[in-house]
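Protein chains in written order, with the numbering used here: chain A, 1 to 418; chain B, 419 to 839.
Glycine included, C-beta positions come from ideal geometry on N, C-alpha and C.
The next block holds one structure in the form of structure tokens; read it before the comments.
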Amino acid sequence: MKLKIFSRLRRNKFIIFLAILGPGIIASNAGNDAGGIATYSIAGAREGLRFLWLLFLITFILAIVQEMSARMGVVTGKGLADLIRERFGVKITLLSMLLLLFGNLAVTISEFAGIAASLELFGVSRYISVPLGALLIWALVVKGSYRGVERVMLFFCIIYASYIVSGILAKPQWLHIMSQLVTPNFRYDPKFINLSIAVIGTTIAPWMQFYLQSAVVDKGIKVEEYKYAKVDVYLGSFVTDFIAFFIVVAAATTLYANQVDINSASDAALALKPLAGEYCFILFGIGLLNASILSAIILPLTTAYALSEAFGWESGIGKKFSEAPQFLSFYTVFIIIGAFFVIVPSYNLITIMLFAQTVNGILLPIILFIMLRLINDRQIMGEHVNSRFSNILSGGTAIMLVILTILLIVSTFKPDLF
Amino acid sequence: MYFVGDIFVSEVLKKPVLDRAGEEVGRITDFLVRTGEVFPRIESVVVTSKKRNHILIPFENINLFNKRIISVKNFLSELAEQKAKEEDLLICRDLLDKQIVDVYGVKIVRVNDIKLGDIEGNLCLIAVDVGFSGILRRLSIEHIGKQLWGLFGYSISSKLISWNFLQPIEPKLTKLTLRITRQKISELHPSDIAHIISQVSLNGKTALFNSLDLEKAAEALHELEPGTQATIIDRMDEEKASDILERMHPDEAADILGDLSEEKAQELLNKMEKEEAEDVQELLEHEEDTAGGLMTTEYLGFTGDMTVSDVFKNLRLMSPDVEMIYYIYIIDDIEHLLGVLSMKDLILASPMAIISEIMRTKIKTVSPGTDQMKVAELISKYNLYAVPVVDEENKMLGIVTVDDIVDLLLPPSSRKKRQRT
């Protein structure tokens, strides 16, 4: 699919192609971060192909939700946090910021866990890799060469394509896969429910909506150009989930088939064995490191942007401390806390990554409900209010997540209820 | 209309409005604002009834308006449903939570709350609250928040931007724009504030002063013309006026009080802290156009046994609060003037030198009754920055600084200019 865009734009140089990579593609791709890879791998390894139908379904929902964010950005010219503050006032703003702060912190910690886990594959201790990584990430933005780096790292996301090749080389039963894509699968079991929430939470993360809307505003896309932004968003959603699909397939055919559970990054790397053989650790390590660093920058950035929007502070990459003090402070503190939690308590890195996605899945409905209120407000959106179709699907997702969360709590305490 | 003190919008929002018979009309949900003036006037109150009908009540029909009770002169049955128009300007819909940018479009902060104040019996917008306390107030936890912060030894004060620093507002605005840059809003020089104040009507001036913090208000007041100073203090809330006077230099405070009626001056003095009041009282007793009337009682006095380095140590501790630090005066235990050292003398002297050994003993002094022109001549003749005022027994009473008499030395035309700008 990426090749297709490339051929359409072949007259332009490669750099220009990178320059026009839209916010939608970046937001979705950054969603395939450390936690994403871990969650999809675990879903494949523990449950085989049972999550494919959910992944298939939420691909459309991801596209719809992302489209809503992009549309709000284009029509209002304001970020999501801007709109929340101006429409709902201080109380709701503070509540949603606290939730976002908590969710994003969890994800940021998982990104640092990703950095630690990937470099441990190469024998680098987390006590070295995490502080160094934190310093690098901080310097890239504060010292201001981030935009260029972002494009390079997006390019390296092509490593994900190795999952596609690996998935195909593993010779899965395609007929079975096709039937699993459309066969709903559910089990009343805290582990299964937890994984369902995590899969949804990592695919449609709250932070992605804040990031995407701000990025669209940043690009200054006009209402007339909106149809292109829409393509960008849809494309981003499908490319991302296409990769997620192959991560699950590769993990299911290599790990689930041999009853290997994932407890560390080296277990997860085995999913790439059909492609890379002995070298699967290297391939997996580089891919995970790249994804983790990219998202470990984007997460603290998104948080700092959202908080600055909510409270009206000046923000921006490449600004001096005196120009945007609150923005840069939050960015810095976020990185420090994120790195701290990976080094000091020494939890299992895979557990951290999965936990963060569950947190996001639980918080998502609140952000979805807020988005729905905003996007159906004619004073804000004018004629661009949501269609009934988008309302039903995104509202339905939110309700589904609330039900899943309740089920998770109930099933944890009463596993024998059904 | 009885209107007491200043009020924040968040303190009255959602408060019930009672009709003439004490029956609830509905709750306040917004305010309709009339633009044009520097301080926009509140034209009517938007009340939303239990049935979700909107009623616009002109402000003239409001009987009571304070944090506790809001009542209207009409009966409930007389009030008809009426909606605000699209082009009207509403506080909650159009101003609250909006972004504030400076002249260059740099984002600064959002409007956390809006302060309303009384200007000639009209309720007007006088300042926007952009501080943390504004957020706490919106959450209705200002009190708890302040106490909690107090436990850690911090205090939260309101951070207000006076309305006249903002560009005129108009319907459908997306953000509020300042007239000044961001750096200036916190570092706004008192003389800039004074300049802005001089452009506003007298009522506006009082309102503006109410919106400044005490320190800033004291400094800005100092920059204004003497007549205006007294008028503003006269019209202000007495508590606040006395707080501002305390923060001014005693001689300036005395000048202002001298321009007020004796009764009012005495009232304000009574409200001031005892120590400051005594200093001012002392100065008030002198004729205004003599050295005694011009002088300030603040000066740097040291005993002769100190070393130069001791003096510097003390200066660093004290001088931020002292107006004139170009001279230190060497005095004995009962404030007899013995000698003087200029800053230059101190800097050039060896740090271990005892000041009584290096001080200058030939001192030009004046007595409290000396005419101000004589003082001015003396200061200009000897190129002094300040001259000490002593009584018959050579006891130090205060100093007259060059700032105090510079207006006398300037030709009349430039004198006016200096005061106005």
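For Glu633(B), the enclosing alpha helix (DSSP H) covers residues 632-640. One alpha carbon belongs to Leu494(B), the other to Ala672(B), and they sit about 53 Å apart. For Lys762(B), the enclosing alpha helix (DSSP H) covers residues 761-766.
Contact check for Ala269(A) against Leu121(A) passes: the beta carbons are separated by less than 9 Å.
Note on geometry: alpha-carbon atoms of Ala794(B) and Ala771(B) lie some 33 Å from one another. Ranked by Cα distance from Tyr305(A), the first of Ala324(A), Lys414(A), Ser292(A) is Ala324(A).
When the alpha-carbon of Asn348(A) is set against those of Thr203(A), Arg85(A), Ile367(A), Ile109(A), the nearest one is in Ile109(A). Going by C-alpha positions, Gln259(A) is about 38 Å away from Thr302(A). Inter-segment contact for the segment 24-43 of chain A and the segment 201-214 of chain A is present: three or more beta-carbon pairs are separated by less than 8 Å. Pairing Gly382(A) with Ile164(A), the inter-Cα distance amounts to about 42 Å. Between Leu52(A) and Leu195(A), the CB-CB gap reaches or exceeds 9 Å. Val223(A) and Trp581(B) have their alpha carbons spaced roughly 35 Å apart. If you look at Pro172(A), you'll find it isn't in any beta strand (DSSP E); DSSP assigns it neither H nor E.
By the CB criterion at 9 Å, Ile518(B) and Ile559(B) fall outside the cutoff. Taking 9 Å as the CB threshold, Lys799(B) stays off the interface with chain A.
In the structure shown, Leu802(B) falls within a coil segment according to DSSP collapsed to helix, strand and coil. The beta carbon of Thr76(A) lies closer than 7 Å to those of Leu83, Ile380 in the same chain, with the five residues before and after it left out. Listed in chain order, the alpha helix (DSSP H) elements of length 4 or more contained wholly in the segment 277-353 of chain A are 280-311, 325-343. In the DSSP assignment, Asn471(B) falls outside any beta strand (DSSP E), carrying neither H nor E. Per DSSP, the unbroken beta strand (DSSP E) holding Gly535(B) starts and ends at 531-537. Taking all protein chains shown into account, Ile61(A) has 16 or more neighbouring C-beta atoms within 10 Å of its C-beta and is therefore buried. The C-alpha of Val152(A) lies about 23 Å from the C-alpha of Ala276(A).
The CB of Val90(A) comes closer than 8 Å to the CB of Asp515, Asn530, Ile553, Arg556, Leu557 in chain B, given here in chain order. Linking Val74(A) to Asn540(B) through their CA atoms gives a straight-line distance of about 41 Å. For Ala310(A), a Cβ of chain B is located within less than 9 Å of the residue's own Cβ.
Around Thr783(B), the same chain offers Pro806, Val808 as residues with beta carbons nearer than 6 Å, after the five sequence neighbours per side are excluded. Linking Tyr188(A) to Asn391(A) through their CA atoms gives a straight-line distance of about 28 Å. Residues of chain B whose Cβ lies closer than 8 Å to the Cβ of Arg85(A) are, in chain order, Asp515, Arg528.
Where Ser580(B) is concerned, the enclosing beta strand (DSSP E) starts and stops at 578-580.
Residue contact check for Val430(B) against chain A: no CB pair falls below 9 Å. Straight across, the Cα-Cα distance linking Ser462(B) with Phe88(A) is about 23 Å. Looking at the backbone, the Cα of Phe426(B) and that of Lys533(B) are separated by about 4 Å.
From the beta-carbon of Lys525(B), the residues of chain A found nearer than 8 Å are Ser308, Gly312, Trp313, Glu314, Ser315.
For Ile587(B), there are no C-beta contacts with chain A under 7 Å, since the nearest C-beta of that chain is about 15 Å from it.
In this structure, the straight-line span from the alpha carbon of Glu706(B) to that of Gln790(B) is close to 9 Å. Below the 9 Å Cβ cutoff, chain A contributes Gly312 as neighbours of Ile518(B), in chain order.
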